[in-house]
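Notes follow the structure.
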Amino acid sequence: MRGRVLAVLITIGSLTGLTFSQVFDPAQSLGSSRHGLSQISMAQISGVVVGSDGSPLADVRIEVRNDQTGQTMFSAYTNESGAFEFHNLPSGQYEVVASRGLQEQREHLVLSDSGSNVKMRLDTRNVAAANAEGRATVSVAEYKVPQKARDALHKAQEALSKGRRDEAEKQLAKSLEIYPSYAPALTLRGVLALDSNKPQPAMEDFDKAIHSDPAFAMAYTGMAAAMNQLQKFDDALRSAERSVSLAPQAWQTYFEMAKSYVGKSDFKDALAQLGKMQQFQSREFAPAHLLKAHVLIALEDYKDAMTELQAFVTLAPQDPSATAAKQAMDKIKAITAAAVQTPPSPAIH
Numbered sequence: 004m005r006g007r008v009l010a011v012l013i014t015i016g017s018l019t020g021l022t023f024s025q026v027f028d029p030a031q032s033l034g035s036s037r038h039g040l041s042q043i044s045m046a047q048i049s050g051v052v053v054g055s056d057g058s059p060l061a062d063v064r065i066e067v068r069n070d071q072t073g074q075t076m077f078s079a080y081t082n083e084s085g086a087f088e089f090h091n092l093p094s095g096q097y098e099v100v101a102s103r104g105l106q107e108q109r110e111h112l113v114l115s116d117s118g119s120n121v122k123m124r125l126d127t128r129n130v131a132a133a134n135a136e137g138r139a140t141v142s143v144a145e146y147k148v149p150q151k152a153r154d155a156l157h158k159a160q161e162a163l164s165k166g167r168r169d170e171a172e173k174q175l176a177k178s179l180e181i182y183p184s185y186a187p188a189l190t191l192r193g194v195l196a197l198d199s200n201k202p203q204p205a206m207e208d209f210d211k212a213i214h215s216d217p218a219f220a221m222a223y224t225g226m227a228a229a230m231n232q233l234q235k236f237d238d239a240l241r242s243a244e245r246s247v248s249l250a251p252q253a254w255q256t257y258f259e260m261a262k263s264y265v266g267k268s269d270f271k272d273a274l275a276q277l278g279k280m281q282q283f284q285s286r287e288f289a290p291a292h293l294l295k296a297h298v299l300i301a302l303e304d305y306k307d308a309m310t311e312l313q314a315f316v317t318l319a320p321q322d323p324s325a326t327a328a329k330q331a332m333d334k335i336k337a338i339t340a341a342a343v344q345t346p347p348s349p350a351i352h
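Residues in the sequence shown are numbered from 4 upward in steps of one, following this note's numbering.
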C-alpha cells in the first residue's frame with residue numbers, strides 16, 4: 004500500500020508542482036503575498052515618565068524588552084518633557100523599563116496595530132537614591148528621523164493595507180526623499196520589489212536598511228525572503244536567524260526559515276519552523292497552509308496534509324493555487340480510498 008500511495012503522489016506532484024513552487028515565488032498580488040512581509044504590523048510605543056509630584060523627568064533611561072526572552076531590543080532617554088517614543092515595532096508582547104539611578108519602573112503591554120501609550124512614575128521623594136548615579140551624561144545615539152518621513156511611511160503602510168499600491172509607492176518615495184537612510188522605509192520598498200519579482204533591487208534596499216539600522220529585524224527577514232526567491236537557502240537561513248535574535252516574535256521570519264528548509268529538503272526542520280510561526284501569528288496566512296501541506300506530503304502524513312490543503316482553499320478560494328490544491332485533494336482521496344479497498348496480495352510460500 005505504501006509503495007502504491009507513494010507512486011500516486013508522484014502523479015499528484017505533477018499536478019501540484021506549480022502550486023508548491025509558487026510558495027517560493029512572492030511575485031503575486033499584495034493581497035496574497037507569498038512572504039507575509041506585507042502583513043507586518045508596525046506600531047509605536049510612546050509615553051512619559053514623571054516623578055512623585057507628577058513633574059516630567061528628563062534623562063530617564065527607557066528600555067523596550069521582549070517580554071518572553073527579556074532581551075533589550077531598543078533603548079533611549081526621555082527628553083526635557085519626560086517623553087519617549089519608539090517607532091516601527093512589530094506587534095507583540097513587550098516590557099518597558101524606565102530607570103534612573105536606583106529607581107526603576109516596569110510596564111508590560113501587548114502592542115497591536117494601534118500602538119500603545121504609557122505613563123510611568125518614578126519615586127523621586129528620596130532624591131539621594133534617585134540621583135545615586137548622578138545625572139545621565141551619556142545618551143544612547145539613535146536615528147532622529149524627521150516626523151514628516153515617519154508620517155509618509157505610515158501613509159504608505161495604510162495605502163498598502165488597502166491594496167492601493169500606487170499611493171503606497173508615492174508616499175514611500177516621499178518618506179525616503181525626506182530621509183534616505185530610513186530603514187523601515189527602505190525595507191518596505193524592498194518588499195514591494197519582491198512583490199514585483201525583483202529580488203536584486205530588493206536585496207539592495209534590505210542591505211541599505213541593515214547598514215542604516217543594524218537592529219531593524221525586518222530588514223533581515225526581507226533579505227531572507229529575497230535569498231529564498233533566488234534559492235540561496237543557506238544565506239536565507241543566516242539572515243533569518245539574525246532577525247530572530249532581534250525580534251523573536253515576528254512570525255514572518257519563521258515562515259522564511261521554513262521555506263529555506265523546504266528548499267534544502269529538510270522537511271522536519273521546516274515543520275518545526277512552521278510550528279514556531281503559529282505561536283506568534285495574530286491572523287491566518289493562507290500560503291503557510293500550502294507550504295505545510297507540501298511538508299506533510301513529503302513526510303508522508305497525508306491526513307494532515309489534506310487538512311492543510313482544505314484550510315488553504317477555505318482561506319483563499321480565489322488564489323491562483325486554489326485549483327491545483329483542490330486537484331491534489333481529490334487525487335489523495337481517490338488513491339487512499341483505492342488503497343484501502345485493495346486486498347493484500349497472498350503470501351508466497
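All residues carry an ideal CB built from backbone N, CA and C; glycine is no exception.
Taking the C-beta atoms as reference points, residue 68 is found nearer than 7 Å to residue 75.
The stretch 186-193 and the stretch 156-164 touch, with no fewer than 3 CB-CB distances between them shorter than 8 Å.
Counting C-beta pairs with one atom in each stretch, the stretch 242-250 and the stretch 223-231 have three or more that are closer than 8 Å, which means they touch. The C-alpha of residue 186 lies about 34 Å from the C-alpha of residue 297. Between the stretch 110-120 and the stretch 260-269, the count of C-beta pairs closer than 8 Å stays below three; the two stretches do not touch. Shown here for residue 305: same chain residues with a beta carbon closer than 6 Å to its own, the five before and five after excluded, namely 335 in chain order.
When secondary structure is reduced to three states using DSSP, residue 59 falls in the strand class. Here the C-alpha atom of residue 173 lies approximately 10 Å from the C-alpha atom of residue 167. The secondary-structure analysis by DSSP pairs residue 189 with nothing; it has no beta-bridge partner. Put simply, the backbone Cα of residue 248 is about 12 Å away from that of residue 257.
Measuring C-alpha to C-alpha distances from residue 96 to each of 299, 163, 319 and 73 identifies 73 as the nearest. About 11 Å separates the CB atoms of residue 331 and residue 325; that is not less than 8 Å, and the two are not in contact. Among the bridge pairs identified by DSSP, residue 46 is matched with 92. Residues of the same chain with a CB within less than 6 Å of the CB of residue 283, apart from the 5 flanking positions on each side, are 252 and 254 in chain order. Annotation for residue 168: the continuous alpha helix (DSSP H) segment containing it runs 168-181. Under a 10 Å Cβ-count criterion, residue 105 is classified as exposed, with fewer than 16 other Cβ atoms of the shown protein chains found around its own Cβ.
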